[in-house]
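Structure, as structure tokens:
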Amino acid sequence: MTLSRSDSGPAYRQVARDLRAQITSGRYSNGEQLPTESELSQSYGLSRQTIRHAFSELVAEGLVYRVPGRGTFAAEGRAGRYLRQLGSIEDLMCLSLDTTMRVVSPLQRRIDIEAAGRLRLESDAQYTIVFIRLHDDVPFVVTTVHLTPQCAKLLADVPELKAGAVSTATVIGLLDPRLDRPIAQAAQSITVALAPDQVAAELRCPLSHPVLRVDRLYSNDLGEPVELSISYFLPEHYTYRVTLRRDSVSLAGSHTPRQLHHDGT
Numbered sequence: 000m001t002l003s004r005s006d007s008g009p010a011y012r013q014v015a016r017d018l019r020a021q022i023t024s025g026r027y028s029n030g031e032q033l034p035t036e037s038e039l040s041q042s043y044g045l046s047r048q049t050i051r052h053a054f055s056e057l058v059a060e061g062l063v064y065r066v067p068g069r070g071t072f073a074a075e076g077r078a079g080r081y082l083r084q085l086g087s088i089e090d091l092m093c094l095s096l097d098t099t100m101r102v103v104s105p106l107q108r109r110i111d112i113e114a115a116g117r118l119r120l121e122s123d124a125q126y127t128i129v130f131i132r133l134h135d136d137v138p139f140v141v142t143t144v145h146l147t148p149q150c151a152k153l154l155a156d157v158p159e160l161k162a163g164a165v166s167t168a169t170v171i172g173l174l175d176p177r178l179d180r181p182i183a184q185a186a187q188s189i190t191v192a193l194a195p196d197q198v199a200a201e202l203r204c205p206l207s208h209p210v211l212r213v214d215r216l217y218s219n220d221l222g223e224p225v226e227l228s229i230s231y232f233l234p235e236h237y238t239y240r241v242t243l244r245r246d247s248v249s250l251a252g253s254h255t256p257r258q259l260h261h262d263g264t
């Protein structure tokens with residue numbers, strides 16, 4: 000097995016992503032044993048420590064469980080449902096590795112007062128692209144991305160964003176390396192919504208079907224907004240998982256209540 004050279008993420012995370020895709024696709028059923036650390040180490044050409052780290056991530060997600068002296072086994076899952084564990088901006092940029100993006104409406108200038116306001120634009124004009132994302136050829140999300148005019152100019156000639164284009168890209172992943180200042184933050188909100196006309200048609204679900212709406216506002220290291228994405232996920236085909244951790248816990252077992260952090264932002 001060969002890891003993607005285009006993925007700059009840690010090797011263990013690439014392995015975890017590969018194994019996750021195999022489990023969620025049904026290659027390993029509930030209770031079926033996965034290859035050993037030694038076998039995967041040879042297959043990927045990586046150290047056993049790296050494979051062990053990948054397994055630990057899948058254990059934390061509930062996708063596998065480990066039995067001392069016996070091995071690692073697939074936990075009960077839902078084949079056909081796309082599961083995404085997010086822990087960093089890089090994870091959002093790499094969302095594409097096991098999904099496909101198909102452009103429905105190419106990048107074009109539009110007037111949108113609300114989007115322009117959230118992007119802190121002086122004018123109401125911004126640039127919009129609409130696409131669907133598929134997992135195993137099944138559409139599970141419709142996304143509208145709003146860009147500032149400056150950012151849209153950077154992506155004007157990108158082939159992955161042309162009408163009808165199909166790729167494994169993400170808009171933020173295409174944009175980030177072209178920016179003068181790096182993406183440093185993504186503020187996210189999640190609500191329940193009813194599928195609008197276009198969303199229902201693209202997701203092949205009834206009109207006003209309950210969907211998960213996820214808004215993300217990406218900003219650079221100066222706090223300046225560069226992209227607003229609004230996504231409608233079909234819950235039958237998508238699972239979103241986060242992990243909440245305390246800032247610190249004392250060795251004695253007592254703790255001081257502090258703010259909890261959300262891994263998905």
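Counting in numbering that gives the first Met the number 0, the sequence shown runs from 0 upward without gaps.
Think of the CB as a built atom: it goes at the ideal place given N, C-alpha and C, for glycine as much as any other residue.
Since this is a predicted model, take the numbers as computed values, not measurements.
Between the CA atoms of residue j and residue i - distance to the nearest angstrom
i	j	result
L118	N219	12 Å
T35	E60	19 Å
L233	T167	19 Å
A53	D111	43 Å
S40	L57	16 Å
Y27	L62	10 Å
G30	D135	23 Å
Q32	S55	15 Å
Y237	F139	7 Å
D196	D214	19 Å
G25	A115	43 Å
R109	S122	11 Å
Delimiting residues of the alpha helix (DSSP H) encompassing residue i
i	result
E60	47–60
V14	10–23
R117	112–117
L146	Taken as a continuous stretch (DSSP letters only), L146 belongs to no alpha helix (DSSP H), being part of the beta strand (DSSP E) at 137–146.
A200	196–202
L154	That residue, L154, is in no alpha helix (DSSP H); it is neither H nor E in DSSP.
G172	170–174
Buried or exposed by the 16-neighbour rule on C-beta atoms within 10 Å, applied to residue i
i	result
T190	exposed
S230	buried
S228	buried
Q48	exposed
L202	buried
R180	exposed
L221	exposed
L174	buried
P209	exposed
Beta-bridge partners of residue i, as assigned by DSSP
i	result
D214	S188, I229
F72	Q32, Y64
Q107	T127
R101	I131, V165
Test: residue i CB closer than 8 Å to a CB of chain B
i	result
H208	Absent here is chain B; the protein component of the structure consists of one chain.
Contact between the region 121–130 and the region 141–150 is defined here as three or more beta-carbon pairs at a separation below 8 Å; is this criterion met? Taking one beta carbon from each stretch, the region 121–130 and the region 141–150 have 3 or more pairs nearer than 8 Å; the two touch.
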